[in-house]
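Some notes on the structure that comes next.
In this note's numbering, the protein residues as written are 199 to 361.
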């Protein structure tokens with residue numbers, strides 16, 4: 199029996215996707231359940247947490263704008279630029295791009311930086327498989343939504359304790 203090695207990379211991509219997608223869903227569920235501990239571990243300063251409805255709307259707006267910017271600039275253009283400049287692709291391209299994105303997230307604490315790097319690795323692999331920026335924007339939004347929901351929960355609990 200002879201194995202067709204040309205179809206192996208596509209099989210690995212699909213396997214990778216079907217392992218990562220449930221992992222993302224499980225992570226989202228865990229983040230919702232443990233949001234207070236995660237937000238505290240990310241060391242989000244109190245001045246970032248919105249306290250009024252107007253601040254909350256601005257908070258969500260800037261998260262959305264940030265996601266779209268990151269996905270278009272740091273995924274789409276960076277991938278194409280690195281590919282054209284250094285002739286790299288696939289997982290090597292993901293590693294180079296993740297290194298650059300990691301440098302942009304050095305202001306996070308260690309846990310936040312590790313989460314940002316893991317998120318970038320996952321979304322980059324999904325982008326290479328799907329070749330779809332809207333897909334990665336949506337998934338990035340879902341990932342960040344868990345943080346927003348955690349902030350809402352934390353803000354609500356803080357208000358409950360003070361009243």
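Idealized CB from N, CA, C, for every residue including glycine. Values in this document were obtained by computation on a predicted structure and should not be read as measured data.
Could you tell me which of 325, 332 and 342 sits nearest to residue 277, measuring between CA atoms?
On the chain shown, residue 277 is found 79 positions in, with the first residue counted as 1. The option with the nearest alpha carbon to residue 277 is 325.
Please go through the same chain and pick out, in chain order, the residues whose beta-carbon is closer than 6 Å to the beta-carbon of residue 331, but skip the five residues on each side of it.
The residue labelled residue 331 in the question sits at position 133 within the chain shown. Closer than 6 Å at the Cβ level, and outside the excluded window around residue 331, lie 269 and 274.
When you compare the stretch 246-258 with the stretch 340-353, are there three or more beta-carbon pairs, one atom per stretch, that lie closer than 8 Å?
Three or more beta-carbon pairs separated by less than 8 Å link the stretch 246-258 to the stretch 340-353, which places the two stretches in contact.
In whole angstroms, give me the CA-to-CA distance for residue 336 and residue 290.
For this step, residue 336 is matched to residue 138 along the chain shown. For this step, residue 290 is matched to residue 92 along the chain shown. Residue 336 and residue 290: Cα-Cα distance of roughly 24 Å.
Assigned exposure category for residue 334 - 16 Cβ within 10 Å defines buried
Reading the chain shown from its first residue, position 136 is the one you call residue 334. Answer is buried; the Cβ neighbour count reaches 16.
Looking only at C-alpha atoms, which of 338, 285 and 312 sits nearest to residue 322?
Taking the chain shown and counting its residues from 1, one reaches residue 322 at position 124. Ranked by how close their Cα comes to the Cα of residue 322, the residues 338, 285 and 312 have 338 in first place.
Should the stretch 313-321 be called in touch with the stretch 281-297, which here means at least 3 C-beta pairs below 8 Å?
Touching, yes, given that three or more Cβ pairs across the two stretches are closer than 8 Å.
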